[in-house]
Amino acid sequence: MNFNCIAEICYKPLGDCGEDAFAYDVTRGDMHTLAVFDGCGGAGAWRYPEFRDATGAFVAAQTISRHYLDWFDTLRGADLRNADALAASFLQSTQKTLVGLKNSCRPMGVAGSLVKSFPCTASAAIVSAYDNGSIMLTALNVGDSRVYCLTPGEGLVQLTKDDSRGNPDPLDSLRDNAPLSNLLNADKPYKVRTNQIVIAQPCAVICATDGVFGFVRSPMDFEFMLLDALEKAGSIHEFEELFRQAVVELTGDDSVCLAAFYGWGSYNMIKRDMARRYAYMQGIMRSLALAARENREEAAIRECWESYKRQTVYSEMQE
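Every position in the sequence shown, counted from 1, becomes a number in the working numbering once 38 is added.
Following this line, the structure appears as structure tokens:
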């Protein structure tokens with residue numbers, strides 16, 4: 039694998055009390071991983087004296103993020119092409135960790151049917167070398183954080199499906215804010231969904247919590263926001279700052295995004311290769327701006343979305 043760099047974009051308005059967390063390992067030559075975790079504040083509102091009165095949501099995300107790389111270490115020599123086995127192993131590891139937390143401490147507060155022990159989301163990407171210079175990307179997902187890939191030809195492709203009640207598509211989920219139907223927790227069974235694809239380099243692999251993408255007008259706006267920051271920056275560090283600023287302007291929520299770049303020799307090569315896609319997305323933004331001035335914005339968004347989603351939204355994830 040021709041690894042270039044990784045970008046970290048974090049926004050925590052509550053400082054160290056923020057309920058998003060991340061983990062990554064890009065030090066190995068044959069396999070990498072990046073993952074994000076979002077503590078579910080409403081469902082995880084119980085506080086735990088053993089953790090300085092932190093919420094269960096905070097403890098879950100922070101604990102799972104630390105244990106994630108320990109689990110990743112166990113994959114040395116494993117068959118990374120067996121996505122089902124990876125999902126089963128991750129499920130077993132997270133269940134053991136969260137049940138161990140539950141058995142070791144007691145929450146403050148009154149029990150309720152909507153409150154769960156240590157709830158959080160998890161979205162992880164495992165990247166490994168494949169044939170002919172390609173990479174294999176295995177996405178693991180529980181909840182509504184996401185894994186994407188970014189290529190010059192197809193743009194930003196969503197590889198995970200949100201575990202939301204009613205199964206809204208990515209556009210409707212921006213408007214409906216449906217509750218989660220599946221999340222990591224220590225009380226009830228949950229599922230780990232998988233998607234596995236082979237991608238030619240160059241490409242970028244991206245993991246993000248919903249605070250990053252959940253406040254935009256449409257999925258098209260999210261891709262444009264990402265490409266706009268890439269285009270205007272002169273280095274990966276400038277990209278981190280510009281993209282973080284764009285996220286902060288839209289959200290008051292905790293936000294974490296990781297982006298690993300493969301197959302490019304320099305940051306300028308990333309910009310060069312993504313220039314045509316950026317121009318294409320600029321055209322979409324101009325057409326939506328015109329529609330807004332003509333009071334037909336929502337209809338234009340949905341019309342554009344029907345075309346856009348055919349090339350940029352996941353294939354169905356496996357359970």
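From the three backbone atoms N, C-alpha and C, an ideal C-beta is built for every residue, glycine too.
Since we're looking at a predicted model, the values are computed, not measured.
Beta-carbon proximity of residue i to residue j, cut-off 7 Å
i, j, result
"E13", "G77", "Beyond the ends of the chain as shown, which are 39 and 357, falls residue 13; an answer cannot be given."
"C295", "A246", "yes"
"L197", "I237", "no"
"T232", "L178", "yes"
"M39", "A160", "no"
"P257", "P227", "no"
"V254", "V285", "no"
"Y316", "L265", "yes"
"A362", "L280", "As shown, the chain starts at 39 and ends at 357. That puts residue 362 outside it, with no answer to give."
"A59", "A99", "yes"
"E88", "C158", "no"
"P240", "G301", "yes"
"I164", "T71", "yes"
"C43", "F299", "yes"
"L136", "F156", "yes"
"E121", "Q234", "Note that residue 121 is Ala in the sequence shown, not Glu. Yes, these two residues count as a Cβ contact at 7 Å."
Where residue i sits in the DSSP three-state scheme
i, result
"A95", "helix"
"E341", "helix"
"Q239", "coil"
"T71", "strand"
"N141", "helix"
"M174", "strand"
"E192", "coil"
"A163", "strand"
"D63", "strand"
"F41", "strand"
"D108", "helix"
"V153", "coil"
"D182", "coil"
"Y168", "coil"
"S211", "helix"
"D58", "strand"
"R348", "helix"
"D122", "helix"
Contacting residues, own chain, Cβ-Cβ under 6 Å from residue i (five flanking each side not counted)
i, result
"D108", "none"
"K50", "G56 and D292"
"F262", "M319 and M323"
"F128", "L178 and V230"
"L343", "First, the amino acid is wrong: residue 343 is Trp here, not Leu. Here the set comprises L209."
"P206", "D214 and A216"
"G67", "none"
Neighbourhood of residue i by C-beta distance below 7 Å, restricted to the same chain and skipping five residues each side
i, result
"S219", "D201, S202 and R203"
"V153", "A81, A83 and W84"
"V351", "Q196 and P208"
"D248", "D76, D182 and S183"
"L188", "L194, C241, A242 and I244"
"P145", "W84, R85, Y86 and G94"
Burial state of residue i (16 or more Cβ within 10 Å)
i, result
"L328", "exposed"
"N141", "exposed"
"R213", "exposed"
"D28", "Limits of the chain in this structure are 39 at one end and 357 at the other, which puts residue 28 out of reach."
"K199", "buried"
"T65", "exposed"
"A125", "buried"
"N170", "exposed"
"E278", "buried"
"Q283", "exposed"
"S345", "exposed"
Beta-carbon proximity list for residue i, same chain, < 8 Å, skipping 5 on both sides
i, result
"S273", "Y305"
Ordered list of alpha helix (DSSP H) runs contained in the region 213-270, each at least 4 residues: 248-251 and 257-270
Could you tell me which uninterrupted beta strand (DSSP E) segments, each at least 3 residues in length, are contained entirely in the region 289-333, listed from first to last along the chain? Runs of the beta strand (DSSP E) lying entirely within the region 289-333 and spanning at least 3 residues, in chain order: 293-300.
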